[in-house]
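Please read the structure below before turning to the comments.
Number of protein chains: 4
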Amino acid sequence: MLALPHIGRLPAGPLNAISDVTGVTVGHATLAEGALQTGVTVIRPHQGDPFRDKVPAAATVFNGFGKSIGLVQVQELGLLETPIALTNTLSVGSVATAQIISAIQANPEIGRSDPTVNPLVFECNDGYLNDIQAMAIGAEHYQQALAAAAPAFAQGAVGAGRGMSSFDLKGGIGSASRLATIDGNQYCVGALVLSNFGKLPALTLAGRHIGTELLRLRQPEADVPEMGSIIMIIATDAPLDARQLGRLATRCGIGLSRTGSIYGHGSGDLALAFSTAQTVPYRPDTAIRQSSSLHDNLLDPLFEAVVDSTEQAIVNALFAAEAVTGRNGHQRQSLREAAAALP
Amino acid sequence: MLALPHIGRLPAGPLNAISDVTGVTVGHATLAEGALQTGVTVIRPHQGDPFRDKVPAAATVFNGFGKSIGLVQVQELGLLETPIALTNTLSVGSVATAQIISAIQANPEIGRSDPTVNPLVFECNDGYLNDIQAMAIGAEHYQQALAAAAPAFAQGAVGAGRGMSSFDLKGGIGSASRLATIDGNQYCVGALVLSNFGKLPALTLAGRHIGTELLRLRQPEADVPEMGSIIMIIATDAPLDARQLGRLATRCGIGLSRTGSIYGHGSGDLALAFSTAQTVPYRPDTAIRQSSSLHDNLLDPLFEAVVDSTEQAIVNALFAAEAVTGRNGHQRQSLREAAAALP
Amino acid sequence: MLALPHIGRLPAGPLNAISDVTGVTVGHATLAEGALQTGVTVIRPHQGDPFRDKVPAAATVFNGFGKSIGLVQVQELGLLETPIALTNTLSVGSVATAQIISAIQANPEIGRSDPTVNPLVFECNDGYLNDIQAMAIGAEHYQQALAAAAPAFAQGAVGAGRGMSSFDLKGGIGSASRLATIDGNQYCVGALVLSNFGKLPALTLAGRHIGTELLRLRQPEADVPEMGSIIMIIATDAPLDARQLGRLATRCGIGLSRTGSIYGHGSGDLALAFSTAQTVPYRPDTAIRQSSSLHDNLLDPLFEAVVDSTEQAIVNALFAAEAVTGRNGHQRQSLREAAAALP
Amino acid sequence: MLALPHIGRLPAGPLNAISDVTGVTVGHATLAEGALQTGVTVIRPHQGDPFRDKVPAAATVFNGFGKSIGLVQVQELGLLETPIALTNTLSVGSVATAQIISAIQANPEIGRSDPTVNPLVFECNDGYLNDIQAMAIGAEHYQQALAAAAPAFAQGAVGAGRGMSSFDLKGGIGSASRLATIDGNQYCVGALVLSNFGKLPALTLAGRHIGTELLRLRQPEADVPEMGSIIMIIATDAPLDARQLGRLATRCGIGLSRTGSIYGHGSGDLALAFSTAQTVPYRPDTAIRQSSSLHDNLLDPLFEAVVDSTEQAIVNALFAAEAVTGRNGHQRQSLREAAAALP
């Protein structure tokens, strides 16, 4: 039986999840009825209101065949001001609207004496298992996922991951964490992925070319081009500014590469990293902000933690995801089932 | 009385509008009742279905305090595959959803055997005149604007421009065109702007510092920071690839600069340029695409046409926009009224 | 007679030069013999060793037909670690080598136990007046310019500006400064340009279309495409991080636009901004760096100062530059001469 | 004994080198005396003059701790106009100057009636084995490498690779190729790397964690931070434009990731891709250029070829490189020696 590998040499945090970064919580809303196999996943960067207490953030696009919303402003200001939402491709508009409504409820001067709010929604295409054209996600599902956010959360075929596929197997939500030590201080890096990419032959687990092994056990799929995607979210408690967080986000591509991705043409492969160490108030008391950041020449342990927690999160999604049958009877086997006969 | 200046030395096309580029049409849906002063404007790049026949495009962000949707994929693939929609900031989600629905109606395999569609929605914050929190824009307004698209279209306080302000005056939709000759062939460059930026003291008309002149005639506004934005869309019939169109989009910032903009911190200043000279089919017959493009060393006349048509479009928006009274009795005077007493 | 205009509404510093930012000095080495009309200009960000005490910096490329060296590392790390050097296009290699030698002399562990040093050299093409193929610039000229750096420095046809042309007139080095007040504190923004761009018809002085006026007084030049460039350097004592300095550098394009530039195809139009408020040590004592930065929503006065000081610096270069005769008897008239007959 | 693995499932070309792309040749100049262990490697994109017949190209920066020259113009124009030169970090200026001289000799109007030429030099820091401060590379070494360019060329500790280290072992020049079939046509992708990155524990060969195995056989090195780099050059005969070549260059990071890289902070990790299928003349006869390009939705086989040929080229560099003793008696063992005792 296939054992779940531990990626790399760094230790995981106690939950081996993004919520090992103190204050970070995750919630899901899942639709799993017949042809509707989809959902929303929300990551809260802290337990306050991120519009009032923004956090430094930056994103990297590896392949931009994607419809994510909110990256223009993150790039300019280096700040996150809503929870991060994940959903299916055709529901980004609905979830963005839900984020706006939610932010206005908490901050009635948005768009009046306060600036407008920047919704931040990432997506993958779950159209193989899910009737994506039904556009079944509404504001209530965003609210439900937000309300459910907690340090302990399910992985696999849940939330936005419900209908996702990866390496022709069932994909979805995965998470992991790593602890890195810099100058005697321990920092936590957590990853959460919405994994929906890859063709079976390329699947690689901790360096083992498991995809080619599995191919011997089953009928190969028709050679359809990949139309998947992966969203990779990194949280850390290390004090970093937006430029440095961009450097972290870029390392998500390394973890992704090691699982077999080639950043396929039709894949929207994006990463976003944020730091919880400091917040930026929306109505500052003082003109000048004092902040802390690690020196750049000390960042290698954090880079390694990003690489390994990203790869681990992708692997965890595969191990966690149960088989799902959805639209038109389409099925995705779980990795555990597919690999049952492997040595 | 203030005369409408002609910017630059190049001639305008017959309509002096973006629709001088053959095939380009523009439509509005306008809400103008009490506190609701907002709308949607749609630009169709050609008269076919842009999902099936995509056009080369590229965008430039001058200041990214903005919530536009769709730029990630435009950046990666260099293609436009929906009409371009403009609306208010908090309605981007609704309009993106409307674009998706509209594309699926015409192409039922989107998200199934075809890839998903990339909605493309730009926005400015009309919250001074409009009750932006009402989020009054729905799918029907996008459909209405799309259905209304025609070569002849209104400018000023219409469509997405209904509630917009510029230089503390009424802003909104403006358009212009310029004809450039390269190697004996004439090419048309058209600009359409959604103009919602600037403080009065900075207003400059064809080099004349009209803002400081107007300040002597009226009470200055309280010194509130700018929370405006401008969206600048360029169409051309010149054969250009996406990289070259990015070079054109970058020149929109020059026209904008000359009207008095400093790309204010709170402003979302973005440009997108597309070419109608060639289309890219969604299901190509052949593996290899043949295409034409002007040599880069011949582009200066097009750059000049972009600069001048952008500046002219901003000026035209100011001259076309009538006064509007909206939310909380907020008023924006028209430039013509404000300048009535000027020599 | 044409009067030198004051651009904008902000006051200049005492020198109206980049050296109004305390600690910033500028030096030139000038070659002016026959066909050799070229040189080197050096800007020191502070009076120490910038390899040991680096300063935050960021660059923006408006049009990348240019050969500047060093931007890759500035983009990644957001730091400047050498004086900034300006020279002619074909001498960038020689000056980069001179910068490396100079840095090693002061820091013998460069490339051994210390990392290598990142040379930072910007250039324009002075090949109309200068025999640029002679590649007459050597390490000694860089050293000479560095040794000459002082708060008071010449402008016009000196240093790297010796052979430069602008608007078919003599261009070269120009500088200016503006003072901006934020929350009761005054900050200085200084600009220095190496101005070598533009065709006469486009020349605009404080909004006045002086180029078209001058065209009536003289024979028009043959319509050769522009092969010029402009380098714009911004210094400030405001506390800003690299991301924010990138926002400042982007505003240089606005000042440039207002003088008549269209970012011509053949022009290398680049800006770099740095802050002297804080330094980053090459061998930090502590893992975590404490730093200060202005809140982004307060930056508009600095943006205005960048716009106006850049435009003023370009104008100052034109007013300061004397006529030069160089290679093949090529001549560039000074603006003052050309405009002598104007009202 | 460790066998050289074949990476991936695609076949290599006849030479398994970048020169499998017809017309591409490679030459070296090597200095290997005492403390001088360095050199220059030149890649010619075709057998003509690339200033006259430019080729489409694009670059991607994975980690920008690097001093490469020429990327600003490649980014703007999407063209290569000199041979590609590789050398040590402190010699970039000298080699750029040599490239300029060489281009002027062939094109006497450069910087006069023709535009200036854009030198393109990439570098890594060979300061462990080489006395990099000696700056021993001159124009003659560039000329020598250029003259030596041929389809058959040495790999390992030669040319720019002479003094390079990788994974605490001897690194240097490696090359590989892969053949991809699209719509019945075969295209060749070739990679050449200058490999100078990585710490031993991370070394991974075709998924096997060989670094941890080797650590058991030898004394670990002191834990000094990586100050390496890698340059990855991709050539292809597939018809692609610059935007598409940028997509190829981005996939080099995947091959690099699989060998164990984390894009270390101190590493300059860059890729450049060019296509030989079409050239762009410096003095075009016609205003409009006709060109061919593969449709983007067919690019996955080329992406896979880039990934695999890059990983293979890094592996090949390690297998080809002989042990070198250089500055201060510093030594780098070859992988073959280090792994002699492995199963």
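Chains as they are written, first to last, in my numbering: chain A, 1398 to 1740; chain B, 1398 to 1740; chain C, 1398 to 1740; chain D, 1398 to 1740. Each residue gets a CB set at the ideal place from its N, CA and C atoms; glycine is no exception. All values reported here derive from a predicted model rather than from experimental measurement.
Which residue's Cα is closest to the Cα of residue i: the options?
i                          : options                                       : result
leucine 1477 of chain A    : A:Phe1459, A:Val1703, A:Phe1671 and A:Ala1536 : A:Phe1671
valine 1423 of chain C     : C:Asp1417, C:Asp1528, C:Arg1441 and C:Val1437 : C:Arg1441
glutamine 1540 of chain D  : D:Tyr1525, D:Gly1556, D:Asn1725 and D:Arg1640 : D:Gly1556
leucine 1691 of chain C    : C:Pro1505, C:Arg1640 and C:Ser1465            : C:Arg1640
leucine 1487 of chain D    : C:Val1514, C:Ser1488 and C:Ala1577            : C:Val1514
leucine 1412 of chain D    : D:Phe1550, D:Asn1527 and D:Ile1481            : D:Phe1550
alanine 1635 of chain D    : D:Ile1627, D:Ala1668, D:Asp1693 and D:Leu1653 : D:Asp1693
methionine 1624 of chain C : C:Ala1493, C:Ala1546, C:Gly1524 and C:Pro1402 : C:Gly1524
proline 1740 of chain C    : C:Gln1502, C:Thr1683, C:Phe1700 and C:Leu1611 : C:Leu1611
lysine 1567 of chain B     : B:Leu1715, B:Ala1409 and B:Gly1405            : B:Leu1715
glutamate 1520 of chain C  : C:Ile1498, C:Gly1560 and C:Tyr1679            : C:Gly1560
glycine 1436 of chain A    : A:Asn1713, A:Gln1444 and A:His1425            : A:His1425
valine 1703 of chain B     : B:Val1452, B:Arg1406, B:Ala1400 and B:Glu1430 : B:Arg1406
proline 1453 of chain A    : A:Ala1718, A:Leu1642 and A:Ser1563            : A:Leu1642
For a contact meaning CB atoms closer than 7 Å, what does residue i contact in chain B?
i                          : result
arginine 1640 of chain D   : Gly1475, Ala1639 and Arg1640
methionine 1624 of chain A : Pro1512
Which residues in chain C sit within 8 Å of residue i, going by Cβ to Cβ distance?
i                         : result
aspartate 1500 of chain A : Per the sequence shown, residue 1500 of chain A should be read as alanine rather than aspartate. What alanine 1500 of chain A touches in chain C: nothing, since even the nearest Cβ is about 17 Å away.
Given that residue i touches chain D, what residues does it touch there, using C-beta distances under 9 Å?
i                         : result
alanine 1684 of chain B   : Ile1579, Asp1580, Gly1581, Asn1582, Leu1691, His1692 and Leu1695
histidine 1606 of chain A : Ala1603 and Gly1604
Which partner residues does residue i have in the DSSP bridge list?
i                         : result
arginine 1648 of chain A  : The partner list for arginine 1648 of chain A (beta bridge, DSSP) is empty, contrary to what the question assumes.
glutamine 1502 of chain A : None, per the DSSP bridge assignment.
glycine 1553 of chain C   : C:Ile1570
proline 1376 of chain B   : The structure shown does not extend to residue 1376 of chain B, since chain B spans only 1398 to 1740, so no value can be given for it.
valine 1458 of chain C    : C:Leu1667
Taking all protein chains shown into account, do 16 or more other C-beta atoms lie within 10 angstroms of the C-beta of residue i, making it buried, or fewer, making it exposed?
i                          : result
methionine 1398 of chain A : exposed
alanine 1537 of chain A    : In the sequence as presented, alanine is not what sits at residue 1537 of chain A; that position holds glutamate. By the neighbour-count rule (16 or more Cβ atoms within 10 Å), glutamate 1537 of chain A is not buried but exposed.
alanine 1710 of chain B    : buried
arginine 1509 of chain C   : buried
glutamine 1583 of chain A  : exposed
alanine 1544 of chain C    : exposed
proline 1512 of chain A    : buried
asparagine 1725 of chain C : exposed
aspartate 1666 of chain B  : buried
For a contact meaning CB atoms closer than 7 Å, what does residue i contact in chain C?
i                       : result
leucine 1487 of chain D : Ile1497, Gly1508 and Thr1513
In chain A, which residues lie with their C-beta within 8 Å of the C-beta of residue i?
i                          : result
proline 1698 of chain C    : Correct list: empty, because the minimum Cβ distance to chain A is about 11 Å.
asparagine 1593 of chain B : Those do not exist, as asparagine 1593 of chain B stays about 12 Å from chain A at its closest Cβ, beyond 8 Å.
proline 1391 of chain C    : Given a span of 1398 to 1740 for chain C in the structure shown, any question on residue 1391 of chain C remains unanswerable.
glycine 1661 of chain D    : Asp1697 and Phe1700
asparagine 1522 of chain B : Gly1508, Pro1512 and Thr1513
Anything in chain A within Cβ reach of residue i, meaning under 9 Å, just list it in chain order.
i                       : result
proline 1681 of chain C : His1692, Asn1694 and Leu1695
Along chain D, which residues have their Cβ under 7 Å away from the Cβ of residue i?
i                       : result
alanine 1493 of chain C : Val1489 and Gly1490
Looking at the C-beta of residue i, does it have a partner C-beta in chain E at a distance below 8 Å?
i                      : result
serine 1672 of chain B : No chain E appears in this structure, whose protein chains are A, B, C and D.
Residues of chain B with CB under 9 Å from residue i, in chain order?
i                      : result
valine 1529 of chain A : For the sequence presented, residue 1529 of chain A should be read as isoleucine rather than valine. Within chain B, the residues near isoleucine 1529 of chain A are Ile1507, Gly1508, Arg1509 and Thr1513.
Counting only Cβ-Cβ distances shorter than 8 Å, please list the residues of the segment 1445–1467 of chain B near chain C, keeping chain order. Against chain C - using a Cβ distance shorter than 8 Å - the residues of the segment 1445–1467 of chain B are Phe1459 and Asn1460.
Against chain D: residues of the segment 1644–1659 of chain A by CB proximity under 9 Å: Taking 9 Å as the Cβ-Cβ cut-off, the segment 1644–1659 of chain A approaches chain D at Arg1644, Thr1647, Arg1648, Gly1650, Ile1651, Gly1652, Leu1653, Ser1654, Arg1655, Ser1658 and Ile1659, given in chain order.
The segment 1700–1718 of chain B: which residues have C-beta closer than 7 Å to a C-beta of chain C, in chain order? Correct list: Phe1700, Glu1701 and Val1704.
Residues of the segment 1540–1572 of chain B with Cβ closer than 9 Å to any Cβ of chain D, in chain order: Residues: none.
Near-chain C residues of the segment 1401–1422 of chain A (beta-carbon distance less than 7 Å), N- to C-terminal order: Flagged: no residues at all.
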